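A.B. asks:
Residue numbers (this note's numbering), protein chains in the order written: chain E, 52 to 480; chain Z, 893 to 1233.
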C-alpha cells in the first residue's frame, strides 16, 4: 500500500510540477517600465545555427567592454522559446534582458506587461518595411523592433514550366492549369502539383491565413473582430480542401511541415511548393542532396481571387520588464537592427532583413537571387491575427481548418464553428 | 471491618502491583512513540513540502483564473479571480467538456489496450526467458533493450518508422498517414508503447516465475497434467501476485502517458490527446487555473483506478502479507484449483 501511495503521490507531483511556478502574475512586481541603467545584459534568442547572431554579439562586446551582452540560446522550437520566456516573466526573473520574440507574440507580451514600452522617437522607422512595423506595435504603442523578416515564396520547377511554355502562375487556378499540362510530361511522372504546410501546427495557421487573404478575406478585421464566416474566407478554405480532394495537393502533404515539404520538393516530387527562403540554398546544393539544383526558381505566392498575400514571418526584439540595465538593452537593439548589422546577418546567415534598402542592394541580389521576389512577398504580406491570446486563437484555427482539410467537417461548418470560437476568445479579452 | 480493610488493601495492592509496571511500560511506550515521531519528523516534513504542498497548491490554484480581462489601455488586468469550482464545471460540462472527455477516453482506451497487450506479451516473454536454453542470458538482455531506451528517444525512433515515407509504410506497401489518420495514429502509439514496456512486465513476471517450486510442476506432471493445464492451473495462479503488481504499475504509468503521443504524433491531435497533454497544453498557454484543474482530475482518476484495482485484485504491492505467505499461497493455490474445476 505504501508504495502504491508513493505511486499516486509521484503522479501528483508530476501534475503539480506542471502547474508549478504560478504566482498568478499578480500583485506589485519588481517590474519597472523606466528605461535606465547600464551594465552587462543578456540576449535570449533561438538557436544560432548560422553563427550570425554570435558574430553580432561579439562585435558589440568588442566596443562595449563594460556593457557586455551574454547570448542565451533557447531551443530551436518556437513554442519552447515562448514557454521559457513566459516562465521567466511569470517568476519575474531578470535572467533575460533582450527578448527575441516571434512577431505574433508581440501583443501577448505587451498586454501582460512582460516587455516595456519603447520610446518611439529614438528610432527612425522610415527605412523599415511597413508590414513588419505593424507587428511591433500594440494599440498604437511601440513594444518591439523588427529585427528579421520572412515571407513565403512559391518555388516552381522552371525546367518543367519551360517545357510547356508557361509563366509562373499568379492564381491557384492558373497553377492548376499549368500542372495539368506539366504532369502529362514524361519527365514529370509520379510528381504532384503543389504542397504547402498542412500538418496541425503553426504552419497550418500560416497557410490558412494566406488562403483567406488571397481570396480577399480577413481572419480578424481592423477593428479586431473575427470575420472567418465571410464568403471570402470560405472561398479560401474551400480552395485548400478542394486541393486535397482533387489530388492537386498530394495526400501525404497533410502531414507536411517545412522540412518534409522541402524533402519532397528537392526530391523532385513537387512541381510547386510554398516554403520560406531557407529552402533556396538547400534546394540549390550541388552535392547531390538535391535533385532540383539549378532547375527551379521562385515567384510571389499565387492568390485565389486576387493577388497572393503571404503571411508575415519574422522576429522582433523587446526588453523584459524584469531585467536590469534597460538603457544598455535599448542601445543594443538599435545596434542590432542597424543597417550594417542586418546586412551582415543576411550575408552570413541568410536572415532576411527588415530594412527595405537591403533588398535592393545589387551585391546582395547576386548572392541571393530570390531577394527581389522576397521583398515583393514581404511588402504585401499580412501579419497573422494580432491578438493578446494568440496561442488560443491559433489553436482554434488549427483545430477547425485541420478538421476541414482532413474531411471531418464541411468547410462552411468548420468556419462557422471557428467564428464562434474566435468571438468567444476575443470577446473575453 | 478490619479484616475487610487489609483485604481491600490487598486487593488494591494486588491491582496496583501488576498495574504499576503496566503503567511504567505504557509510559515507556509513549516515550518511544515520542522518540519515534521525533525521528520520523524530518521525513514527514520533507513529505509535507514535496508532496502535500504541491497537491494543495494545485488544488488551490485550480479555483482561480487569471489574465482573462483587459483594461481600457489593452493591458491584462493583473491578479487573479476566484471562480470556485467554475473551472471544473467548464471542464466536465461546459465549453471544455468535449476536449476533456475526448482526452479522458483516449487515456482510458490507451491504458486498457496497452496494459492488456503488455500483460500477455510480458507473460510470454517471461516464459521464454524462464526456459533453460543456450543463449538465455543474451535473450534476457536483448528483451530489456526497449525498456532501457528513454521514452522520448524511442518516440523519435518510432516517428521515423511511421513517417509517410518511413519503414512501416515500406513494409506494409501502403500509404498510411500515421500521424494524421485517427485510427492509424492510435495504432502507432499503442505499438510503440507496448514495444517499450512489455519487457518491464516480462521482467517482473520472470521474478515471480523463479520462486515457483519445481516440485509442484513435477507433481502435476506425474499426475498427468499437460503443458497447457500446468500453465493454467499452476504457473498462472502462483505468478499472479507478481503479475498483478506489474499490471498495476503499468496502469498507473499508462494513465499519465504524455511523451510518447506528444513526440510521436504531435500536440493537439484529438485522436491521441491524453489528460497529461491537456494539462501541459493549458499550462503553456498561461492558463494555470485550468491546467491545475486537469492535473487534479487526472490525479483523482489515477487514485480511483489504483484503489479499485487494489480492492478488486488485492495487489500485494510491498508484501505486507509476507509473513502469511505460506498460508496465502496455499489459499490461492487451492482457490485456483477449486475455481478451475
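Think of the CB as a built atom: it goes at the ideal place given N, C-alpha and C, for glycine as much as any other residue.
Please read all numbers here as calculations on a predicted model, not as lab measurements.
#1: What would DSSP say about residue 95 of chain E, mapped onto helix, strand or coil?
#2: Are the C-beta of residue 163 of chain E and some C-beta of chain Z separated by less than 8 Å?
#3: Please identify, using Cβ separations under 9 Å, the residues of the region 426-456 of chain E that lie next to chain Z, in order along the chain.
#4: Excluding the 5 residues flanking residue 61 of chain E on each side, which residues of the same chain have their C-beta closer than 6 Å to its C-beta?
#5: Who pairs with residue 958 of chain Z in a beta bridge, going by DSSP?
#6: Determine the extent of the beta strand (DSSP E) in which residue 354 of chain E is found, giving its start and end residues.
#7: Using a beta-carbon distance cut-off of less than 8 Å, what residues from the region 230-251 of chain E approach chain Z?
#8: In the DSSP output, what is residue 123 of chain E paired with across the bridge?
#9: Given a cut-off of 8 Å, decide if residue 192 of chain E and residue 173 of chain E are closer than it, judged by their beta-carbon atoms.
#10: If the cut is a Cβ gap below 8 Å, which residues of chain Z does residue 305 of chain E touch?
#11: Is residue 1177 of chain Z close to chain E, meaning its C-beta is less than 8 Å from at least one C-beta of that chain?
#12: Answer yes or no: does any C-beta atom of chain E fall closer than 8 Å to that of residue 932 of chain Z?
#13: Identify every residue that forms a DSSP beta bridge with residue 189 of chain E.
#14: What separation, rounded to the nearest whole angstrom, lies between the Cα atoms of residue 392 of chain E and residue 967 of chain Z?
#15: Taking residue 347 of chain E as part of the beta strand (DSSP E), name the residues at either end of that continuous run.
#16: Where does the unbroken beta strand (DSSP E) through residue 1049 of chain Z begin, and where does it stop?
#17: Run down chain E in chain order and give the residues with a C-beta less than 9 Å from the C-beta of residue 985 of chain Z.
#18: Look at the Cβ atom of residue 1157 of chain Z, then the Cβ atom of residue 1071 of chain Z, and state whether they are nearer than 8 Å.
#19: Where residue 212 of chain E and residue 312 of chain E are concerned, what is the direct C-alpha to C-alpha distance, given to the nearest angstrom?
#20: Starting from residue 245 of chain E, trace the beta strand (DSSP E) in both directions and tell me its first and last residue.
#21: Go ahead and pull the three-state DSSP assignment for residue 286 of chain E.
#22: Mind checking if residue 196 of chain E is an interface residue toward chain Z, Cβ cutoff 8 Å exclusive?
#23: Tell me the start and end of each unbroken alpha helix (DSSP H) in the region 300-382 of chain E that is at least 4 residues and wholly inside, in chain order.
#24: So the candidates are E:178, E:261, E:150 and E:315; which of them puts its Cα closest to the Cα of residue 1057 of chain Z?
#25: Taking the beta carbon of residue 1025 of chain Z as the centre, do at least 16 other beta carbons fall within 10 Å, making it buried, or is it exposed?
#26: Secondary structure at residue 24 of chain E, three-state DSSP: helix, strand or coil?
#27: Excluding the 5 residues preceding and the 5 following residue 331 of chain E in the sequence, name in chain order all residues of the same chain whose CB lies nearer than 6 Å to its CB.
#28: Would you call the CB atoms of residue 1047 of chain Z and residue 1144 of chain Z closer than 8 Å?
#29: Comparing the C-beta of residue 1023 of chain Z with each C-beta of chain E, is any distance below 8 Å?
#30: Can you confirm whether residue 410 of chain E, when its beta carbon is compared against all beta carbons of chain Z, has any partner nearer than 8 Å?
#31: Nearest chain E C-beta to residue 1132 of chain Z closer than 8 Å, yes or no?
#32: Pick helix, strand or coil for residue 1139 of chain Z, following the three-state DSSP scheme.
#33: So which residues on chain Z does residue 273 of chain E lean against when the C-beta distance must stay under 9 Å?
#34: What are the boundary residues of the alpha helix (DSSP H) that includes residue 394 of chain E?
#35: How about residue 137 of chain E: is its C-beta nearer than 8 Å to some C-beta of chain Z?
#36: Using beta-carbon positions only, say whether residue 362 of chain E and residue 239 of chain E come within less than 8 Å of one another.
C.D. replies: Quick answer:
#1: strand
#2: yes
#3: 439, 440, 442, 443, 446, 449, 450, 453 and 454
#4: Because residue 61 of chain E carries a pLDDT of 48, less than 50, the predicted location of this residue cannot be relied on, and the following value inherits that uncertainty. Result list for residue 61 of chain E: empty, nothing under 6 Å.
#5: Z:972
#6: Here residue 354 of chain E belongs to no beta strand (DSSP E), and DSSP marks it neither H nor E.
#7: 250 and 251
#8: E:95
#9: no
#10: 1069 and 1072
#11: yes
#12: no
#13: E:192
#14: 33 Å
#15: 347-350
#16: Premise fails: residue 1049 of chain Z lies in the alpha helix (DSSP H), 1043-1053, not in any beta strand (DSSP E).
#17: The premise fails here: residue 985 of chain Z is roughly 16 Å from chain E at the closest Cβ pair, so nothing lies under 9 Å.
#18: yes
#19: 20 Å
#20: 243-246
#21: helix
#22: no
#23: 309-317 and 330-334
#24: E:315
#25: exposed
#26: Lying before the first or after the last residue shown, residue 24 of chain E is absent from chain E, which here runs from 52 to 480.
#27: 421
#28: no
#29: no
#30: no
#31: no
#32: helix
#33: In chain order: nothing, as chain Z lies at least about 15 Å away.
#34: 390-400
#35: yes
#36: no
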